[in-house]
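> The structure follows.
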Amino acid sequence: MIHKSNYNSRKDISDYLNLTSSTMIGRTIALFKNLEPSLHKKVVYGSRRHRLIKGDLIGFQQAVELSKLDLEMQIKLYQLVLKERYSWGEILSI
36 MIHKSNYNSR KDISDYLNLT SSTMIGRTIA LFKNLEPSLH KKVVYGSRRH RLIKGDLIGF
96 QQAVELSKLD LEMQIKLYQL VLKERYSWGE ILSI
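When you line the sequence shown up against this note's numbering, it's residues 36 to 129, in that order.
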């Protein structure tokens, strides 16, 4: 049996990375677990992502919002996001 105490908590990780909260750690874990596998290589990470998002790429927060949907709906909404260039805030309202 593996004990939870053998692992670092989200807070431990965020403290180590000097983040202000563990929110991004939680979002990243959820994204890796829940995003449709074919979409993982289409996500741009980083603070300058708005300059890099072109073609069939989407931003981290857009991907987080997509990952909250079932896999089939993720693909459909991903295609709509590309066509209309929706921001993550606009995805929330859909």
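Glycine included, every Cβ here is placed at the ideal spot set by N, Cα and C. It should be emphasised that the depicted structure is a prediction, and the values quoted were computed from it without experimental measurement.
Check the DSSP bridge columns for Val79 and list the partner residues they point to.
In the sequence shown, counting from the first residue as 1, residue 79 sits at position 44. Answer is Gly94, bridged to Val79.
> Does the Cβ of Pro72 have 16 or more other Cβ atoms within 10 Å, making it buried, or fewer, making it exposed?
Indexing the sequence shown from 1 puts residue 72 at position 37. Classification for Pro72: exposed.
> Work out the CA separation of Asn43 and Ile126 for me, nearest whole Å.
For the purposes of this step, residue 126 is taken as the residue at position 91 of the sequence shown. For the purposes of this step, residue 43 is taken as the residue at position 8 of the sequence shown. Roughly 32 Å between the two C-alpha positions.
> I need the straight-line Cα distance from Val79 to Lys46, nearest angstrom please.
Within the sequence shown, the letter at position 44 stands for residue 79. Within the sequence shown, the letter at position 11 stands for residue 46. Going by the C-alpha atoms only, they are around 24 Å apart.
> Check Arg62 in the structure and name its three-state DSSP category.
Here residue 62 is taken as the residue at index 27 of the sequence shown, counted from 1. Of the three classes helix, strand and coil, the one that applies to Arg62 here is helix, per DSSP.
> Quick check on the DSSP output: the alpha helix (DSSP H) that includes Glu125 runs from which residue to which?
Within the sequence shown, the letter at position 90 stands for residue 125. Element bounds for Glu125: 123-127.
> Using beta-carbon positions only, say whether Lys76 and Asp91 come within less than 7 Å of one another.
Locating residue 76 in the sequence shown gives position 41, counting from the first residue. Locating residue 91 in the sequence shown gives position 56, counting from the first residue. No, Cβ-Cβ distance for Lys76 and Asp91 is not below 7 Å.
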